[in-house]
Amino acid sequence: MIEVLTKDVLDVSGLVKRYGDLTAVDDVSFHIRAGETYGLLGPNGAGKTTIISMVAGLIPASEGTVRVAGRDMTPSETQAKRIIGLVPQELAIYPDLTGRENLKFFGRLQGLSGKRLTERTNEVLELIGLSDRAGDLTKKYSGGMKRRLNIGIGLLHRPSLLILDEPTVGVDPQSRNSILEAVEKLSVEGMAVLYTTHYMEEAERLCDRIAVIDEGRIQAEGTRDQLITLTGGVDRINLRGGGNMSRAAEALRMLPAVQRVDKDGTGLMLTVSDGPTALAGIVTGAGDAGMSVTSVEIVRPDLESVFLHLTGKALRD
């Protein structure tokens with residue numbers, strides 16, 4: 001294993017990939033530090049897999065650079081590839097081998113042997129929650145178990161950079177949660193993780209920083225809270241009830257935190273700054289103005305709202 005010589009484990013600058021007249025990736029730049037999980041969030045066809053294929057040295061870039069641990073990554077580069085663990089969307093396991101046999105086979109390909117291979121295999125089985133099924137043929141595994149084993153194979157050689165391409169696609173909710181729990185442990189161990197997904201909740205749960213990507217371009221980048229501010233950083237409070245809602249609407253418009261009040265047939269919809277903090281005053285103000293409030297709902301902006309704000313379409317369009 002080569003030594004990581006730079007603060008950033010991965011540095012991507014001005015990355016472009018063209019296929020004839022089609023530009024699949026257009027001027028993409030980002031970096032990942034050790035111990036950081038970085039997410040590429042976007043719909044299918046946004047360019048996520050093409051980006052990680054260039055990062056892993058599987059295909060050449062048309063323009064731009066990828067540096068892994070200070071080394072330029074190209075399809076012919078071998079040293080930088082040694083510190084990468086790539087977990088593709090497609091399963092790369094042998095169905096007629098047990099889980100343990102799969103790990104040991106791939107471990108040998110990664111240069112592990114003897115006691116070190118045995119110890120690392122046991123560690124990975126524990127991490128991915130398959131210790132009790134290690135002796136079963138993988139063709140008997142559920143889809144989620146196969147996905148977890150796929151991740152384990154990428155972890156065997158303790159990569160400095162782990163690349164996960166949509167690792168929870170097509171798995172049941174329980175297996176999905178097990179996969180996410182395993183990924184959460186990786187950055188704690190100091191590993192840099194590049195995680196692609198079109199699931200907003202996964203990006204919010206796992207990623208320290210997120211790049212919102214669409215049509216091959218990064219539309220915005222930052223922490224979840226930084227991205228949320230792009231929508232204006234406001235919340236919506238829905239008040240349902242009866243009584244004098246017109247008078248309540250007028251009174252609530254006077255509150256400093258309230259930016260807008262709209263009426264519908266069953267209540268009031270408020271646009272506010274910091275909804276949880278403003279809530280008590282809003283409910284009190286509505287009651288004092290003659291509205292009988294029967295239910296309250298706070299709707300906080302999320303990454304779906306950010307994507308809609310940036311692209312004009314829903315994340316899963």
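The opening position of the sequence shown corresponds to residue 1 in the UniProt record's numbering, with each subsequent residue numbered one higher.
Note that the Cβ used here is the ideal one computed from N, Cα and C, for glycine as well.
Of the candidates His198, Met200, Arg148, the residue whose Cα lies closest to the Cα of Val183 is Arg148. Taking a C-beta distance under 8 Å as the contact criterion, Pro95 and Leu137 qualify as a contact pair.
Cβ neighbours of Val296 within its own chain (closer than 8 Å, five residues either side excluded): Ile237, Asn238, Leu239, Arg240, Leu279, Val283. Residues of the same chain with a CB within less than 8 Å of the CB of Thr98, apart from the 5 flanking positions on each side, are Ala134, Gly135, Asp136, Leu137, Thr138 in chain order. Excluding sequence positions up to five before and after Lys104, its CB lies within less than 7 Å of the CB of Leu117, Thr121, all in the same chain and listed in chain order. Assignment of Ile128 by DSSP, reduced to helix, strand and coil, places it in the coil class. Counting only runs of 4+ residues, the alpha helix (DSSP H) found wholly inside the stretch 85-162 occupies 99-109, 114-127, 143-155, in chain order. Within the same chain, Ala46 come within 7 Å of Glu215 by CB-CB distance, once the 5 residues on both sides are set aside.
Ser62 carries a coil assignment under DSSP once its states are collapsed to helix, strand and coil.
Beta-bridge pairing by DSSP links Lys263 to Leu268. With a threshold of 16 other beta carbon atoms within 10 Å, Ala314 falls short and is exposed. Taking C-beta atoms under 8 Å as the contact rule, Val87 and Asp165 qualify, at a distance of about 7 Å. Rounded to whole angstroms, the gap between the alpha carbons of Gly290 and Thr266 is 15 Å. Put simply, the backbone Cα of Arg71 is about 11 Å away from that of Ile83. The beta-carbon separation of Arg209 and Glu221, rounded to 7 Å, stays under the 8 Å limit for a contact.
For Gly14, the uninterrupted beta strand (DSSP E) run begins and ends at 8-19, by DSSP. When DSSP reads this structure, Ser187 sits in no beta bridge, so it has no partner.
Segment contact: the stretch 221-231 against the stretch 246-256, fewer than three CB-CB distances shorter than 8 Å; contact not assigned.
By the 16-neighbour rule on beta-carbons within 10 angstroms, Ser292 is exposed.
Residue pairing by DSSP puts Gly242 in a beta bridge opposite Ser292.
Ala192 is positioned such that its CB atom lies closer than 8 Å to that of Arg33. Rounded to whole angstroms, the separation of the alpha carbons of Ile218 and Val28 is 6 Å. Per the coordinates, the alpha-carbon of Gly233 lies some 23 Å from the alpha-carbon of Gly285. Pairing Lys17 with Ser113, the inter-Cα distance amounts to about 38 Å. Taking the CA atoms as reference points, Phe30 sits about 20 Å from Thr311.
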